[in-house]
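Some notes on the structure that comes next.
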Amino acid sequence: MKKRTLKQELIYLASRESISVVSFCIVYVLYTKPETRFATSSAVLYFPLLILNLILVQGSLYWLNCLRRIQKKKYLETQLLAPLYKGLKVLDFMMLLAYIPIWIWSFRVSSSSNIIIGVLLWLFAIIEFVNYFYYRLSYYAMGGLGLQVMRPLKLLLTGKAAKSQISKEISLYEKNMEHK
């Protein structure tokens, strides 16, 4: 299979994340009953979904900005983008932590299936958080179809994982700020 150009890859990444957000929302609406969709007993589901979707939207917008950068169109430069994403990183982390008391509380009011699905969504959000703000965890399988699981895990556990693109951009910004 022919490798994608940088432009094609950025379009793919931005669109894939956006499609994921829409898909997750559709599945949530189909899975939940209208009367309980945003009830407090469903917080165990919709809160981690909100976090995950927020992280995916941030990723999609980041890749769109990178696409505009290579197309030499108007884009956010590193000196604006890096502080924004540095703040989003803190917000995302706080939201991930805020899920813990919701999860504990949910044992009293939610079904076990909702609790399990909520935890899986939360774990997925953590993986995406690490993937965007710390280390690259997405590697394509041979032929570009599907993602590898063991390779990124091995790289992460051995300390050989590559920094994520957003992490590199934030580091570059911080390094430049130190020299001013």
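Per numbering that gives the first Met the number 0, the sequence shown starts with residue 0, numbered consecutively. Every residue, glycine too, gets a C-beta built ideally from N, C-alpha and C.
For the alpha helix (DSSP H) holding residue i, just list the boundary residues, first then last.
i: R107; result: 77-108
i: R150; result: 149-156
i: F23; result: 5-30
i: E173; result: 164-177
In this structure, how does DSSP classify residue i when only helix, strand and coil are distinguished?
i: K73; result: coil
i: Y133; result: coil
i: F195; result: Lying before the first or after the last residue shown, residue 195 is absent from the chain, which here runs from 0 to 179.
i: A160; result: coil
i: F46; result: helix
i: T39; result: helix
Write down the C-beta distance between residue i and residue j rounded to the nearest angstrom, noting that I regard them as a contact closer than 8 Å.
i: F23; j: L63; result: Actually they are not in contact, since the Cβ atoms of F23 and L63 sit about 19 Å apart, beyond 8 Å.
i: F128; j: L154; result: Between L154 and F128 the Cβ distance is about 17 Å, and since that is not below 8 Å, they are no contact.
i: N130; j: L44; result: That belief does not hold up - the Cβ atoms of N130 and L44 are roughly 22 Å apart, past 8 Å.
i: Y172; j: Q78; result: 6 Å
Flag this pair as yes or no: are the beta carbons of residue i and residue j separated by less than 8 Å?
i: S254; j: A42; result: There is no way to answer for residue 254, as the model of the chain reaches only from 0 to 179.
i: R135; j: A97; result: no
i: G117; j: W102; result: yes
i: F132; j: S163; result: yes
i: I165; j: Y61; result: yes
i: L53; j: S19; result: no
i: L75; j: A13; result: no
i: L80; j: E168; result: yes
i: K6; j: I50; result: no
i: S40; j: V108; result: yes
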